[in-house]
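Student: So the sequence shown is numbered by the UniProt record's numbering: it starts at 1 and just counts up by one.
Don't be surprised by glycine CBs; every beta carbon is placed ideally from N, CA and C.
Here the structure is a predicted model, which is why all the values come from computation and not from measurement.
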Amino acid sequence: MYGKFQDHLQAELQQIEDSGLTKNERQITSPQGARVSVNSGAPVLNLCANNYLGLAQHPEVQAAAIRGLEEWGYGMASVRFICGTQTIHKQLESDLSAFVGSEATILYPSCFDANAGLFETLLGSEDAVISDELNHASIIDGVRLCKAKRYRYRNSDMADLERQLQAADGARARFKLITTDGVFSMDGTIAKLDEICDLADKYNALVHFDDCHASGFVGANGRGTHEHHGCMDRVDIITGTLGKALGGGSGGFTSARQEVVDLLRQRSRPYLFSNTVAPPVVAGAIKALQLVTESNQLQQQLMDNTAFFRNGMETLGFRLLPGEHPIVPVMLDDAALAAKFAERILAHGVYVVAFSYPVVARGKARIRTQMSAAHSRDDLELALQAFATVKRELGI
Numbered sequence: 001m002y003g004k005f006q007d008h009l010q011a012e013l014q015q016i017e018d019s020g021l022t023k024n025e026r027q028i029t030s031p032q033g034a035r036v037s038v039n040s041g042a043p044v045l046n047l048c049a050n051n052y053l054g055l056a057q058h059p060e061v062q063a064a065a066i067r068g069l070e071e072w073g074y075g076m077a078s079v080r081f082i083c084g085t086q087t088i089h090k091q092l093e094s095d096l097s098a099f100v101g102s103e104a105t106i107l108y109p110s111c112f113d114a115n116a117g118l119f120e121t122l123l124g125s126e127d128a129v130i131s132d133e134l135n136h137a138s139i140i141d142g143v144r145l146c147k148a149k150r151y152r153y154r155n156s157d158m159a160d161l162e163r164q165l166q167a168a169d170g171a172r173a174r175f176k177l178i179t180t181d182g183v184f185s186m187d188g189t190i191a192k193l194d195e196i197c198d199l200a201d202k203y204n205a206l207v208h209f210d211d212c213h214a215s216g217f218v219g220a221n222g223r224g225t226h227e228h229h230g231c232m233d234r235v236d237i238i239t240g241t242l243g244k245a246l247g248g249g250s251g252g253f254t255s256a257r258q259e260v261v262d263l264l265r266q267r268s269r270p271y272l273f274s275n276t277v278a279p280p281v282v283a284g285a286i287k288a289l290q291l292v293t294e295s296n297q298l299q300q301q302l303m304d305n306t307a308f309f310r311n312g313m314e315t316l317g318f319r320l321l322p323g324e325h326p327i328v329p330v331m332l333d334d335a336a337l338a339a340k341f342a343e344r345i346l347a348h349g350v351y352v353v354a355f356s357y358p359v360v361a362r363g364k365a366r367i368r369t370q371m372s373a374a375h376s377r378d379d380l381e382l383a384l385q386a387f388a389t390v391k392r393e394l395g396i
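Structure follows, in structure tokens:
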């Protein structure tokens, strides 16, 4: 039986390979950090992790995780409502609520799970969900699971969003939910969340945003996209992750109005049927959140690094997508060229990854670089030298 299916799979894989779109995974033989060892080679500068604040190997976060392991154990071997809720899980939920400015928070194994369990729990066939066209795959999949009518608006196009809201009203939707990424991960652009809230007020809609690439460092105090745009008290639902700036471990969350979180605890399938976030991860995340709350030093270092690198790359003649976010996309457009660039620059001590279709649109291939507070000025100068060298080598 498997024979024909095997042939089909091999043909699919060969097509991906022939298109230059195969995604190969390099093995990292060291802890995550500003520099990593790749495939047992010499350490290289890491410009492609989501380790925005450098907390993935921060000594205080590590120490907290070790204490969490010793005091609370390795794993819960249970879902939350059976016997999987410890005091530290409730503490982290409370800390996250205070941090993002919400009434309540519920933890998930990942933000993908948080988004997957959100829409079908809250919306029915009488409702409408209006989604940005560049939303993360987890939002897209979550929306597919619900029975609400689906509307899509062009990326950050408020006029088109208004048209879709009007269409939902014309279809007599009972409830309308606007959903967007807070920061679009491939471009590093920040959603116009304040303008979205204005339209939500005008058309009596709810607002959800995924803040995975913002929680901990975007906004004056790192609270996220809603702080950046001054609309913290106007949003309804936030989903986010512990796996990027907030320690880099696993786990996600939904922060929202109390009744929203209460219903998610009763009916959200990824929450009800997935093991609890492991105690060491929870303990480390609590410490990471404490560090972010007590000082904005790492946040400022991150933004300084971002400005320095952006300016240096533009001086070298690279075409960047504009913005201020630590995601700095270097546009090369051609998928094969982007892959070759990533391979060449690794030989010069810099680890980056090429992104091409289907992760980004065809003809929009890029090297997505990501800054970290853990990078030193010497690190970034080395990166600029390497980019300049490979640019000359490839005749770009």
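Judging by CA-CA distance, which residue of Glu93, Arg174, Gly230 and Val36 is the nearest neighbour of Asn51?
Tutor: Residue 51 sits at position 51 when you count from the first residue of the sequence shown. Here the closest residue by C-alpha is Val36.
Student: Across the region 184 to 203 and the region 154 to 173, are there enough close Cβ pairs to call them in contact, namely three or more that are closer than 8 Å?
Tutor: Contact between the region 184 to 203 and the region 154 to 173 is present, because at least three Cβ pairs lie under 8 Å.
Student: Would you mind working out which of Val330, Arg310, Ile238 and Ser250 sits nearest Ala98, comparing C-alpha positions?
Tutor: The count along the sequence shown starts at 1 and reaches residue 98 at position 98. For the residues Val330, Arg310, Ile238 and Ser250, the minimum Cα distance to Ala98 belongs to Ile238.
Student: Which same chain residues end up closer than 6 Å to Gln299 when comparing Cβ atoms and leaving out the 5 residues on each side of it in sequence?
Tutor: For this step, residue 299 is matched to residue 299 along the sequence shown. So the qualifying residues of the chain are Phe217 and Gly222.
Student: In the DSSP assignment, find the unbroken alpha helix (DSSP H) run with Gln299 in it and report its ends.
Tutor: To locate residue 299, count along the sequence shown from 1; it is residue 299. Gln297 to Thr315 is the extent of the alpha helix (DSSP H) around Gln299.
Student: May I have a chain-ordered list of the alpha helix (DSSP H) segments no shorter than 4 residues that lie completely inside the region 254 to 295?
Tutor: Counting whole runs of 4 or more residues, the region 254 to 295 contains the alpha helix (DSSP H) stretches 258 to 267, 269 to 272 and 279 to 294.
Student: Between the Cα of Gly142 and the Cα atoms of Ser78, Leu118 and Lys90, which residue gives the shortest distance?
Tutor: Residue numbering aside, residue 142 sits at position 142 when the sequence shown is read from its first letter. It is Leu118 whose Cα lies nearest to the Cα of Gly142.
Student: Count the other C-beta atoms from every protein chain shown that fall within 10 angstroms of the C-beta of Thr369, then say buried if there are 16 or more, exposed otherwise.
Tutor: As a working note, residue 369 is residue 369 in the sequence shown. Under this definition Thr369 is a buried residue.
Student: Under a Cβ-count criterion, where at least 16 other Cβ atoms within 10 Å of its own Cβ denotes burial, should Tyr351 be classed as buried or exposed?
Tutor: Counting from one through the sequence shown, the residue named residue 351 turns up at place 351. Buried, by the Cβ-count rule.
Student: Take the Cβ of Thr306 as the centre, count every other Cβ of all protein chains shown within 10 Å, and call the residue buried at 16 or more, exposed below.
Tutor: Mapped onto the sequence shown, residue 306 falls at position 306. Classification for Thr306: buried.
Student: Go to Ile82, then tell me how far its alpha helix (DSSP H) extends in each direction, as first and last residue.
Tutor: Looking up residue 82 in the sequence shown gives position 82. Segment Arg80 to Cys83, the alpha helix (DSSP H) holding Ile82.
Student: Identify, in the order they occur along the chain, each residue of the same chain with its Cβ nearer than 6 Å to the Cβ of Ile327, setting aside the five sequence neighbours on each side.
Tutor: In the sequence shown, counting from the first residue as 1, residue 327 sits at position 327. Gly188 and Gln370.
Student: Hey, could you find the ends of the beta strand (DSSP E) Gly240 is sitting in?
Tutor: Working through the sequence shown from its first residue, we reach residue 240 at position 240. Ile237 to Thr241 is the extent of the beta strand (DSSP E) around Gly240.
Student: Taking a contact to mean a Cβ-Cβ separation below 8 Å, would you say Gln258 touches Ala104 in this structure?
Tutor: Indexing the sequence shown from 1 puts residue 258 at position 258. Indexing the sequence shown from 1 puts residue 104 at position 104. In contact: Gln258 and Ala104 (Cβ atoms closer than 8 Å).
Student: Going by C-alpha distance, which of Gly395, Leu320 and Arg377 is nearest Ala365?
Tutor: Sequence index remark: in the sequence shown, residue 365 carries index 365 (1-based). Ala365 has its Cα closest to that of Leu320, out of Gly395, Leu320 and Arg377.
Student: Got a sec, what are the start and stop residues for the beta strand (DSSP E) Lys176 sits in?
Tutor: The residue you call residue 176 lines up with position 176 of the sequence shown. Looking at the DSSP string, the run of the beta strand (DSSP E) that includes Lys176 is Lys176 to Asp181.
Student: Which same chain residues end up closer than 7 Å to Arg26 when comparing Cβ atoms and leaving out the 5 residues on each side of it in sequence?
Tutor: Reading the sequence shown from its first residue, position 26 is the one you call residue 26. Correct list, in chain order: Val38 and Asn39.
Student: Within this structure, are the beta carbons of Ala373 and Ala354 separated by less than 8 Å?
Tutor: Your numbering for residue 373 matches position 373 in the sequence shown. Your numbering for residue 354 matches position 354 in the sequence shown. No, they are not a contact pair.
Student: If contact is defined by three or more beta carbon pairs under 8 Å, each pair taking one atom from either stretch, is the region 128 to 137 in contact with the region 258 to 271?
Tutor: As far as the Cβ criterion goes, the region 258 to 271 does not touch the region 128 to 137, which means the pair count is below three.
Student: Quick check: Gly312 and Cys111, are their CB atoms within less than 8 Å of each other?
Tutor: Numbered from 1 along the sequence shown, position 312 holds the residue referred to as residue 312. Numbered from 1 along the sequence shown, position 111 holds the residue referred to as residue 111. Taking 8 Å as the Cβ cut-off, Gly312 and Cys111 do not qualify as a contacting pair.
Student: Could you please give the first and the last residue of the uninterrupted beta strand (DSSP E) stretch that includes Asn46?
Tutor: The residue labelled residue 46 in the question sits at position 46 within the sequence shown. That run of the beta strand (DSSP E) goes Pro43 to Asn46.
Student: In the DSSP output, which residue or residues are listed as bridge partners for Pro329?
Tutor: Position 329 of the sequence shown holds residue 329. DSSP lists Arg368 as partners of Pro329.
Student: Which residues in the same chain as Ser125 place their Cβ atom closer than 6 Å to its Cβ, once the five residues preceding and following it in sequence are excluded?
Tutor: Start at 1 with the first residue of the sequence shown, and residue 125 comes out as number 125. The residues are Lys147.
Student: Pull up the CB-CB distance for Val235 and His213, whole angstroms please, since I reckon it's below 8 Å.
Tutor: Translated into the one-based positions of the sequence shown, residue 235 becomes position 235. Translated into the one-based positions of the sequence shown, residue 213 becomes position 213. Contact doesn't hold; Cβ gap of about 16 Å is too wide.
Student: Which of helix, strand or coil does DSSP assign to His8?
Tutor: For the purposes of this step, residue 8 is taken as the residue at position 8 of the sequence shown. Three-state result, His8: helix.
Student: For Gly142, does the three-state DSSP call read helix, strand or coil?
Tutor: Within the sequence shown, residue 142 is the residue found at index 142, counting from 1. Helix at Gly142.
Student: Assuming residue 410 and Gly68 are in contact, meaning their beta carbons sit under 8 Å apart, how far apart are those beta carbons, in whole angstroms?
Tutor: For residue 410 there is no data in the structure shown, the boundaries of the chain being 1 and 396.
Student: Am I right that Leu45 and Gly248 are in contact with their C-beta atoms under 8 Å? What's the rounded C-beta distance?
Tutor: To locate residue 45, count along the sequence shown from 1; it is residue 45. To locate residue 248, count along the sequence shown from 1; it is residue 248. No, Leu45 and Gly248 are not in contact; Cβ-Cβ is about 17 Å, not under 8 Å.
Student: Taking the alpha carbon of Pro59 as the reference point, which residue from Leu332, Leu291, Asp379 and Met331 has its own alpha carbon closest?
Tutor: Here residue 59 corresponds to residue number 59 of the sequence shown, with the count starting at 1. Of the candidates Leu332, Leu291, Asp379 and Met331, the one whose C-alpha sits nearest the C-alpha of Pro59 is Leu291.
Student: Looking at the unbroken alpha helix (DSSP H) that takes in Lys90, where does it start and where does it end?
Tutor: As a working mapping, residue 90 is identified with position 90 in the sequence shown. From DSSP, the alpha helix (DSSP H) with Lys90 extends over Thr87 to Val100.
Student: For the beta strand (DSSP E) containing Asp210, name the first residue and the last one.
Tutor: If you number the sequence shown from 1, residue 210 lands on position 210. Note, Asp210: beta strand (DSSP E), Leu206 to Asp210.
Student: Which stretch, first to last residue, makes up the beta strand (DSSP E) that contains Arg150?
Tutor: As a working note, residue 150 is residue 150 in the sequence shown. Here the beta strand (DSSP E) through Arg150 covers Lys149 to Tyr153.
Student: Relative to the C-alpha of Gly240, which candidate in Arg80, Ala256 and His228 has its C-alpha closest?
Tutor: Residue 240 sits at position 240 when you count from the first residue of the sequence shown. Gly240 has its Cα closest to that of Ala256, out of Arg80, Ala256 and His228.
Student: Among residues of its own chain, excluding the 5 on either side of Arg43, which ones have a beta-carbon nearer than 6 Å to its beta-carbon?
Tutor: In the sequence shown, counting from the first residue as 1, residue 43 sits at position 43. Here residue 43 turns out to be Pro, not Arg, going by the sequence shown. Only Arg35 and Ser37 meet the Cβ criterion.
Student: In terms of DSSP beta bridges, what is Asp132 paired with?
Tutor: On the sequence shown, position 132 is the one that residue 132 refers to. Paired residues: Tyr153.
Student: Starting from Arg392 and walking both ways along the alpha helix (DSSP H), at which residues does that stretch end?
Tutor: By one-based count along the sequence shown, residue 392 stands at place 392. Its alpha helix (DSSP H) spans residues Arg377 to Glu393.
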